[in-house]
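Residue numbers (my numbering): -2 to 46.
Virtual Cβ for every residue (Gly too), placed ideally from N, Cα, C.
Right, one structure below, let's go through it.
Right under this line is the structure:
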């Protein structure tokens, strides 16, 4: 369980770093980006179970 938690923390840190380096998105693009991240996270969680 701790290995999964560490992996998710590293992935969240990478997403935060990448998001801070990208140009500022408009509201629709930012919403699509957040939705894509949510779907990716949900897919990872389902795959790990």
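(message) If the criterion is Cβ atoms closer than 8 Å, does the pair residue 3 and residue 45 meet it?
(response) Start at 1 with the first residue of the chain shown, and residue 3 comes out as number 6. Start at 1 with the first residue of the chain shown, and residue 45 comes out as number 48. Taking 8 Å as the Cβ cut-off, residue 3 and residue 45 do not qualify as a contacting pair.
(request) Ignoring anything shorter than 3 residues or poking outside the segment 6 to 33, list the beta strand (DSSP E) runs there in chain order. (result) none
(message) Could you check if residue 33 belongs to the surroundings of the ligand NAP, using beta carbon to heavy atom distance under 7 Å?
(response) In the structure shown, the ligand NAP is absent, as is every other ligand, since no ligand is present at all.
(request) Using the Cα positions of residue 17 and residue 10, report the straight-line distance between them to the nearest angstrom. (result) Position 20 of the chain shown, counted from the first residue, corresponds to residue 17. Position 13 of the chain shown, counted from the first residue, corresponds to residue 10. When rounded, the distance between both Cα atoms is 11 Å.
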